[in-house]
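Undergrad: The following block contains the structure, expressed as structure tokens.
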Amino acid sequence: MVEAEVVSPSATTDIGREEVIAAVGSEGFKCPRCTFLNHPSLHQCEMCGARLISPRLPPGLIRTDSPGPTTVFEPGKSLDGTINVIKLSFRGNGDKSFFTALKKALASKEWVSASNTSLGSGIRRVTSAEKGTNAVDSQDFTPRQGIHGLQQAGERSRQQRQEILGSALDDLQGLMSRAQDLIKLAEQYAHHLEKEEMSSNNASLSARKALRQSSQALGLDSTIVTKEMAHDPEVFHSELARQLAEFLDNSGILAREGGVITLFDLFAIYNRARGFSLISPKDLYSAAELFEKLQLPIRLRKFKSGLFVVQESYRTPQVIIRHLNEWFASVEPYKAAIGFSPQDASAKFGWSLTVATEELEMAEAQGALCRDEQVSGVRFFPNLFLVN
Numbered sequence: 002m003v004e005a006e007v008v009s010p011s012a013t014t015d016i017g018r019e020e021v022i023a024a025v026g027s028e029g030f031k032c033p034r035c036t037f038l039n040h041p042s043l044h045q046c047e048m049c050g051a052r053l054i055s056p057r058l059p060p061g062l063i064r065t066d067s068p069g070p071t072t073v074f075e076p077g078k079s080l081d082g083t084i085n086v087i088k089l090s091f092r093g094n095g096d097k098s099f100f101t102a103l104k105k106a107l108a109s110k111e112w113v114s115a116s117n118t119s120l121g122s123g124i125r126r127v128t129s130a131e132k133g134t135n136a137v138d139s140q141d142f143t144p145r146q147g148i149h150g151l152q153q154a155g156e157r158s159r160q161q162r163q164e165i166l167g168s169a170l171d172d173l174q175g176l177m178s179r180a181q182d183l184i185k186l187a188e189q190y191a192h193h194l195e196k197e198e199m200s201s202n203n204a205s206l207s208a209r210k211a212l213r214q215s216s217q218a219l220g221l222d223s224t225i226v227t228k229e230m231a232h233d234p235e236v237f238h239s240e241l242a243r244q245l246a247e248f249l250d251n252s253g254i255l256a257r258e259g260g261v262i263t264l265f266d267l268f269a270i271y272n273r274a275r276g277f278s279l280i281s282p283k284d285l286y287s288a289a290e291l292f293e294k295l296q297l298p299i300r301l302r303k304f305k306s307g308l309f310v311v312q313e314s315y316r317t318p319q320v321i322i323r324h325l326n327e328w329f330a331s332v333e334p335y336k337a338a339i340g341f342s343p344q345d346a347s348a349k350f351g352w353s354l355t356v357a358t359e360e361l362e363m364a365e366a367q368g369a370l371c372r373d374e375q376v377s378g379v380r381f382f383p384n385l386f387l388v389n
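Note that our numbering numbers the sequence shown so that position 382 is 383, with each residue one more than the last.
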């Protein structure tokens, strides 16, 4: 049996250093296993650790297909067990495809979702198989003790909340994307009921009743406008502004809210009543900006704090201040002596607490009121200097 000769230029006597380098060439010593080009003075391949075969051996004795030595090492460590690194070698330009797949895996972060789905799987299970003995099944048990365990639990809870919020937004986007399909289905169903002959069938009567209720849910005399029907953003916002004014007038919402409603409350109430083809906050704001231009009986107003409200057009700051002064003058003296809080104004005029605070601060900025900051909160009083 003929063994392959190991190149050892520094120790061999048969082949000199100059002869080995001349035989290998300037490109390096090619490994028979991984084809890595090594320096001529190396005994083993720098990349895979295979023994380097002398190029002077006959071709019949060079067995590149022979299995190499097996190396046992722990994952994540080098051969000496000191450096946490793994060296990979490629042939045939395989490094590019590997790097592309690695970037894709790092971007997807599938291990994060896998760890979230396994929450609670590491709880220790204690069973009492016999009387007086406890058998502890420690399979999948993960200790969660100390500050580090609390930090991990907080991070898992935060990730769960992010996933819940993300899935909720995805569901909302999916609902809005399917809104047009629901509209088409409702229109087809309406045409079907119109063509159907009048019948005393209970099912037919129930269907017609449901159709009337759905069409009158907003209390509108006209058809609900959508972006697809308008074909133009300006036309859509103008029609939406008119329908918003009609909706607020017919439903009596402004009357119940004291003539003033915040824009985000209007967004929630209108979309809930609309039921389908929901509008976005941007569309609502664009439509509200057209209230005054279209000479509608409502206006969009912005407070000093940045709060947007929709109110009746006649409710100017002067009108609000007059109503506040009339209220202050009508109460009993002992109540006027302790001042008025935003809660009192909210109960009196039907405003929300946020709107009541903004209106009182507006009257204070106009000089009609003054404030007294107490331990129990802020109290407002009429400005007697201005009155006198």
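Beta carbons: idealized from backbone N, C-alpha and C, even for Gly.
The structure presented is a predicted model; accordingly, all values stated were derived computationally and were not measured.
Compute the distance between the beta-carbons of residue 259 and residue 350, then report whether it is under 8 Å.
TA: Against a cut-off of 8 Å, the Cβ pair of residue 350 and residue 259 comes out as a contact.
Undergrad: Residues in its own chain within less than 6 Å of residue 303 by CB, not counting five upstream and five downstream?
TA: So the list reads 309, once near-sequence residues are dropped.
Undergrad: For residue 303, which of helix, strand or coil comes out of DSSP?
TA: Correct three-state label for residue 303: strand.
Undergrad: Would you give the residue range spanned by the alpha helix (DSSP H) that residue 359 belongs to?
TA: Counting along the chain, the alpha helix (DSSP H) containing residue 359 begins and ends at 354-366.
Undergrad: Whether or not the segment 287-299 and the segment 231-245 are in contact is what I'm after, with contact meaning three or more pairs of Cβ atoms, one per stretch, closer than 8 Å; do they touch?
TA: Because the criterion of three Cβ pairs below 8 Å is met, the segment 231-245 and the segment 287-299 touch.
Undergrad: With distance defined between alpha-carbon atoms, name the residue in 252, 34, 225 and 250 nearest to residue 239.
TA: When only C-alpha atoms are compared, the closest one is 225.
Undergrad: For residue 53, count neighbouring C-beta atoms within 10 Å of its own C-beta (all shown protein chains included) and say buried if the count is 16 or more, exposed if not.
TA: Buried, because 16 or more other Cβ atoms sit within 10 Å of the Cβ of residue 53.
Undergrad: Determine, using beta carbons only, whether residue 241 and residue 249 come nearer to each other than 8 Å.
TA: The answer is no: Cβ separation not under 8 Å.
Undergrad: Decide yes or no for the touch test of the segment 268-288 against the segment 363-382: beta carbon pairs closer than 8 Å, at least 3 of them.
TA: The segment 268-288 is not in contact with the segment 363-382.
Undergrad: In terms of DSSP beta bridges, what is residue 373 paired with?
TA: Answer is 380, bridged to residue 373.
Undergrad: Can the beta-carbon of residue 37 be found closer than 8 Å to that of residue 90?
TA: It is a contact, given that the beta carbons lie within the stated cut-off.
Undergrad: Can you tell me which of 344, 377, 386 and 332 puts its alpha carbon nearest to the alpha carbon of residue 370?
TA: Comparing Cα positions, the closest option is 386.
Undergrad: Compute the Euclidean distance between the alpha carbons of residue 341 and residue 324, then round it to the nearest angstrom.
TA: Cα to Cα, the separation comes out at about 14 Å.
Undergrad: If the criterion is Cβ atoms closer than 8 Å, does the pair residue 354 and residue 311 meet it?
TA: For residue 354 and residue 311, no; Cβs fall outside 8 Å.
Undergrad: For residue 280, name the three-state secondary structure that DSSP assigns.
TA: If DSSP states are grouped into helix, strand and coil, residue 280 belongs with coil.
Undergrad: Since residue 160 and residue 113 are thought to touch, with beta carbons under 8 Å apart, how far apart are those beta carbons, to the nearest angstrom?
TA: Their Cβ separation, rounded to whole angstroms, is 7 Å, which keeps residue 160 and residue 113 in contact under 8 Å.
Undergrad: For a test of the three-state rule: what should DSSP assign to residue 296, helix, strand or coil?
TA: DSSP places residue 296 in coil when its eight states are reduced to three.
Undergrad: Give me the DSSP bridge partner(s) of residue 262.
TA: According to DSSP, which records beta bridges pairwise, residue 262 is partnered with 311.
Undergrad: Which term fits residue 358, buried or exposed, when burial requires 16 or more other beta carbons within 10 angstroms of its beta carbon?
TA: It counts as buried.
Undergrad: Quick check on DSSP: helix, strand or coil for residue 37?
TA: It is coil, neither helix nor strand.
Undergrad: Report buried or exposed for residue 334, applying the criterion of at least 16 other Cβ atoms within 10 angstroms of its Cβ.
TA: Classification of residue 334: exposed, given that the 10 Å Cβ count is below 16.
Undergrad: Check the DSSP bridge columns for residue 31 and list the partner residues they point to.
TA: Note: residue 31 sits in a beta bridge opposite 38.
Undergrad: When the Cα of residue 365 is compared with those of 315, 46, 34 and 322, which residue comes out closest?
TA: Comparing Cα positions, the closest option is 322.
Undergrad: Quick one: using the 10 Å Cβ neighbour count with 16 as the cut-off for buried, is residue 315 buried or exposed?
TA: Result: exposed.
Undergrad: With H, G and I counted as helix, E and B as strand and the rest as coil, what does DSSP make of residue 341?
TA: Correct three-state label for residue 341: strand.
Undergrad: Applying the 10 Å Cβ sphere with the 16-neighbour rule, what's the burial state of residue 360?
TA: That one is buried.
Undergrad: Less than 8 Å between the beta carbons of residue 352 and residue 261, yes or no?
TA: In contact: residue 352 and residue 261 (Cβ atoms closer than 8 Å).
Undergrad: I'd like to confirm the pairing. Which residues does DSSP put opposite residue 45 in its beta bridges?
TA: Looking at the DSSP assignment, residue 45 forms a beta bridge with 52.
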